[in-house]
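Residue numbers (our numbering): -6 to 252.
Every residue, glycine too, gets a C-beta built ideally from N, C-alpha and C.
Step one of this worksheet: look at the structure below.
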Amino acid sequence: MKKKIIKILKKKNKSKIVSLTAYSKNIATILDSHCDIVLVGDSVANVLYGHKNTHNVKLETIIEHAISVKKGIKKSLLVVDMPKGTYSNKKIALKNAKKIIKLTKCHAVKLENNKKNYDIIKYLVNSNISVMGHIGYTPQFKKKFKIEGKSIVKANKLLNDALKIEKAGAFSIVLECLAPEASKLITNKLKIPTIGIGSSVYCDGQILVTDDLLGMSGFYPKFVKKYINLNTTIEKTIKKYSKEVKLEKFPSKRNFLNG
Ligand code: KIV
């Protein structure tokens, strides 16, 4: 098994796994020193392109962003989301996963669960591709947002899905918007690490969309902690620049190029 994957697996029950999303080199360079996993998520569709969901993001778009992100990655594990429709059967999934890995040099791909793609995960893993699973609220396949696994029956169904993904060979699994007890149950039963988003502290690690925690996306559900309101800082900075240009304070003599 690949070294970086082993490092992630070894963290289970020892130390929390820190993960965030990135869509460009500049952010990736900062994240790389502090994150175990950096994900080029298909959330790029909503966050950067203003789409209302992730359904229409192109493989080529994700690849372009991942190529940029890779330039900032030295130590962390780089995972790239496979967009909706790019893993509809084994052959298509393998062709596209290979394309992503070849062009971006990422370390793994992520697939959302639609309760049918366990054999696709197995096929990719048998072809030496590292796969991260994703259960719970899976934006590619769910129309309406809701917290998943609230009842014992539903939590057990999710556990069953998670176990099938583990058995198929995934090295870890994202739990998105699961009730705390469901996250606890799944995290305790699985050998592979769980990475939570909106799924409580019981997961082996956490992931957030970086633009959300920086206060830049305008999307702040309860599970997001806005660590800073960067939009306000940027706004103030741009206002200052605009004023200085109009008052001819910028460029000042020190910004002149004198040959
Ligand atoms: O696309 C994404 O950013 C994701 C995370 C929310 C896990 O899948």
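Below 8 Å, too few C-beta pairs join the region 9 to 24 and the region 141 to 159 to call them touching: fewer than three. For the 8 Å CB-CB criterion, I94 and I122 form a contact. Annotated three-state conformation of D74 is strand, per DSSP. At least one heavy atom of the ligand KIV is found less than 7 Å from the C-beta of V167.
Within the model, the alpha-carbon separation for T14 versus V33 is close to 6 Å. In summary, L104 is buried, with 16 or more beta-carbon neighbours lying within 10 Å of its beta-carbon over all protein chains present. Y116 and Y80 have their alpha carbons spaced roughly 11 Å apart. Judged by the Cβ position, L32 qualifies as a neighbour of the ligand KIV at the 7 Å threshold, a heavy atom of the ligand being closer than this. Where T187 is concerned, the enclosing beta strand (DSSP E) starts and stops at T187 to I190. Contact between N89 and L52 holds, since their C-beta atoms are separated by about 6 Å, short of 8 Å.
Ranked by how close their Cα comes to the Cα of K(-5), the residues L70, Y16 and L201 have L70 in first place.
Judged by beta-carbon spacing, S12 lies within the 8 Å limit of I200, meaning their Cβ atoms are closer than that value. One thing to note: I10 has its Cβ within 8 Å of the Cβ of I30. With respect to the 8 Å criterion, V202 and S210 are classified as neighbours on the basis of their beta carbons.
When DSSP states are grouped into helix, strand and coil, H127 belongs to the strand group. Counting only residues of its own chain and dropping the five nearest sequence neighbours on each side, S61 has a CB closer than 6 Å to the CB of S17 and K18.
V202 has its CB nearer than 7 Å to a heavy atom of the ligand KIV.
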